[in-house]
Amino acid sequence: MRYRLYSWFSWFSSGEPWTARRIAVALLATVGILAMVSTIVVGVAMAFLTKDQGRAAQRTTTMPTAPAPAVIGIPLAVRPVLAPPLVANPEDCPPVPPPTPSEAPIVVCDVDRAAVYQLGPVALALNLTGATETKLPTSEFHTVQMSMDPASSTAFAQYTGANIGKQLAFVRNGVVLAAPAISQPVDGQSIQISGELGAATAATIAKMLRDGT
1 MRYRLYSWFS WFSSGEPWTA RRIAVALLAT VGILAMVSTI VVGVAMAFLT KDQGRAAQRT
61 TTMPTAPAPA VIGIPLAVRP VLAPPLVANP EDCPPVPPPT PSEAPIVVCD VDRAAVYQLG
121 PVALALNLTG ATETKLPTSE FHTVQMSMDP ASSTAFAQYT GANIGKQLAF VRNGVVLAAP
181 AISQPVDGQS IQISGELGAA TAATIAKMLR DGT
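Residue numbers for the sequence shown follow full-length UniProt numbering, beginning at 1 and rising by one.
This is the structure we're talking about:
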């Protein structure tokens, strides 16, 4: 590049008389140099423009959000326990009541038909998103884990926070699935039902939570 440019200037200032041919060659050389310089300038400008566009695309890119888990089954009723449960033999349990208005109290048994509960009106209806049962690693007993949507989680945290020291019952189709005492506010979207649950009882509870049957 320098050699050609130097030769052109040397020839341009050589002092020889200007002819039409020299003028034409000089013009063509000048046009060629200008075209080369403009090409370099445009290339550099395009490089910066492409880089800026890439940065702008990076700034406007957002990560997709995971869809919320779908609600399963029918809402799970939460009722207050009005009196200590009565120990019962299976034959002592009343028959499963027909669908009862949510504002009416009921008397029902648990899954194993080993206790009778007097329950007040429905306090909450939780929308569940999942229910699974697993065996505890350090014993022969099982546990049931159920999850709920954010609105139900907030409502359950408020209810348990306002009723510490009391007892509640999770009721599905006229059967008490579990009746834990409230020792502290239960915050979060997951609830664990534990105790001396055998494999069959835990599987039944998980199925009733998922299917509503």
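Note that the Cβ used here is the ideal one computed from N, Cα and C, for glycine as well.
Owing to the predicted nature of the structure, the values given are computational and were not obtained by experimental measurement.
Secondary structure of residue i, DSSP reduced to three states
{"i": "D112", "result": "coil"}
{"i": "P84", "result": "coil"}
{"i": "P90", "result": "helix"}
{"i": "P75", "result": "strand"}
{"i": "E125", "result": "In the sequence as presented, Glu is not what sits at residue 125; that position holds Ala. Reduced to three states, the DSSP call for A125 is strand."}
{"i": "V96", "result": "coil"}
{"i": "R4", "result": "Bear in mind that a pLDDT of 42 at R4, under 50, signals an unreliable position, so the number given afterwards is only what the model happens to contain. Three-state result, R4: helix."}
{"i": "A57", "result": "Unreliable positioning characterises A57 in this predicted model, as indicated by a pLDDT of 49, which lies under 50. A coordinate reading is not provided."}
{"i": "V31", "result": "Summary for V31: the model assigns pLDDT 47, below 50, so the residue's position carries little reliability; its value from the coordinates is reported in the next sentence. Helix."}
Residue j beta carbon less than 7 Å from that of residue i
{"i": "V81", "j": "A178", "result": "no"}
{"i": "H142", "j": "A202", "result": "yes"}
{"i": "K166", "j": "I191", "result": "no"}
{"i": "P69", "j": "T129", "result": "yes"}
{"i": "M148", "j": "A131", "result": "no"}
{"i": "R79", "j": "V171", "result": "yes"}
{"i": "E140", "j": "P121", "result": "no"}
{"i": "G174", "j": "I74", "result": "no"}
{"i": "P90", "j": "R113", "result": "yes"}
Residue-chain proximity (residue i, chain C), Cβ-Cβ < 7 Å
{"i": "Q118", "result": "Protein chain content of the structure displayed is limited to a single chain, and chain C is not contained in it."}
Please specify which runs of the alpha helix (DSSP H), each continuous and at least 4 residues long, are wholly inside the UniProt domain "SecDF P1 head subdomain" (127–212), giving them in chain order. 150–162, 199–211
With a threshold of 8 Å, are at least 3 pairs of Cβ atoms found where one atom belongs to the region 95–115 and the other to the region 158–165? no
Examine the Cβ distances between the region 118–125 and the region 88–97 and report whether three or more of them are shorter than 8 Å. no
Within the chosen definition, does the region 192–210 reach the region 150–157 through at least 3 CB pairs nearer than 8 Å? no
State whether the region 67–86 contacts the region 113–121, with contact taken as three or more CB pairs (one from each stretch) at a distance under 8 Å. yes
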